[in-house]
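In our numbering, the protein residues as written are 27 to 362.
Each residue gets a CB set at the ideal place from its N, CA and C atoms; glycine is no exception.
A quick note: this is a predicted structure, and the numbers were derived from the prediction, not measured.
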């Protein structure tokens, strides 16, 4: 009898060890997994947004119509009565899937959000710690008189292309997303993010439409004079309850950005990817100016400096979980 009891105890212990609940948690370190991570993509054709916009932002000469994709996390289908916060991403083609990114490497955003969700670190999204809905707004890759259209749409906040883009996202796209999906509709449930010029576009959008968006994530941002002036001159009410995240890489003391990183070139797309090793250091002056402007207005923000960080999608993928914890996790959680 004692022998049978011992065998049963060992069998029960082994069974508990093999359950999903007791499975080891995968580490929260890059590289995060590529792809949809059990979520799904819904594609919204231009006929549902760009071509219905009757305002200046609907002018196809300013904003050429293009598909917009929406990533729905697995819990969206598993919990049909649950509403989800929404994250709007500039350069959306670079956010989730390596295969669609112009450098062959993406931010791997869905993979990072999935890892955070597994660890129950997305404490400010849903009851199940689900990732948010992610709206992938692709940047245009054509040119206007030899100038990349992306540089205009994401450019200085004083020019027409950038204002038209911001108005399209806030006044046409967001109401469509709220109508088609189960979203948290207030500004507290809607954030916008981007990298490089997309970081500038994100802050511009958040400040131009402060009642629509409550947070902006700006990774390695390329700030221009217009958005800096906006921070210095906009009414104080614009910044109420705003969450602003800034980061960038570049040289820090003895830590320098390497001229070449061989892993930048290990990709099936654009093996020539230069990594823009100089750019984050070059952009530091404007980032410091933005920090000064925010400090002068007593605006709270979070800033992280990544010593030796490069200016490309693979570098941003290595730290993408940090702004996600800022938006959706506990503020004192560093992800380690």
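- Within the model, the alpha-carbon separation for residue 78 versus residue 84 is close to 7 angstroms.
- Excluding its 5 nearest sequence neighbours in each direction, residue 210 has C-beta neighbours in its own chain below 8 angstroms: 109, 110, 111, 112, 216, listed in chain order.
- Contact between residue 253 and residue 183 holds: their C-beta atoms lie close to 5 angstroms from each other, under 8 angstroms.
- With respect to the 8 angstroms criterion, residue 134 and residue 194 are not classified as neighbours on the basis of their beta carbons.
- At the C-beta level, residue 338 and residue 299 come within 8 angstroms of one another.
- Under DSSP, residue 211 forms no beta bridge with any residue.
- Cβ neighbours of residue 309 within its own chain (closer than 6 angstroms, five residues either side excluded): 248.
- If you look at residue 245, you'll find it in the beta strand (DSSP E) that goes 241 to 245.
- The segment 127 to 144 makes contact with the segment 156 to 172; the number of CB pairs closer than 8 angstroms reaches 3 or more.
- If you look at residue 115, you'll find it isn't in any alpha helix (DSSP H); it sits in the beta strand (DSSP E) that goes 112 to 115.
- Between residue 201 and residue 286, the alpha-carbon positions lie close to 44 angstroms from each other.
- Beyond the five residues adjoining it in sequence on each side, residue 312 comes within less than 8 angstroms, by CB distance, of 247, 248, 249, 250, 254 in the same chain, given in chain order.
- For residue 228, the uninterrupted alpha helix (DSSP H) segment begins and ends at 223 to 234.
- Going by DSSP, residue 272 is part of no alpha helix (DSSP H) but of the beta strand (DSSP E) stretching over 269 to 274.
- Distance from the CA atom of residue 75 to the CA atom of residue 63, rounded to whole angstroms, is 27 angstroms.
- The three-state secondary structure of residue 159, taken from DSSP, is strand.
- For residue 138, same chain residues with a beta-carbon under 7 angstroms away, outside a window of 5 residues either side, are 58, 346, 347, 350 in chain order.
- The beta carbon of residue 317 lies closer than 8 angstroms to those of 272, 327, 329 in the same chain, with the five residues before and after it left out.
- Looking at the DSSP output, residue 219 shares a beta bridge with 115, 243.
- Taking the Cα positions, residue 234 is about 16 angstroms away from residue 320.
- When only Cα atoms are considered, residue 171 and residue 87 end up about 12 angstroms apart.
- Contact check for residue 65 against residue 100 passes: the beta carbons are separated by less than 8 angstroms.
- Closest in C-alpha terms to residue 203, from the list 293, 238, 280, comes 238.
- In this chain, residue 102 is not harboured by any beta strand (DSSP E); it is covered by the alpha helix (DSSP H) spanning 100 to 104.
- Closest in C-alpha terms to residue 120, from the list 94, 208, 315, 71, comes 94.
- Distances from the CA of residue 279 to each of 332, 340, 166, 165 were compared; the closest alpha carbon is that of 332.
- Annotation for residue 179: the continuous alpha helix (DSSP H) segment containing it runs 175 to 179.
- Judged by DSSP in its simplified three-state form, residue 286 adopts coil rather than helix or strand.
- The alpha helix (DSSP H) runs lying completely inside the segment 313 to 344 and spanning 4 residues or more are 339 to 343, given in chain order.
- Excluding the 5 residues flanking it on each side, residue 69 has same chain C-beta neighbours closer than 6 angstroms at 93, 95, in chain order.
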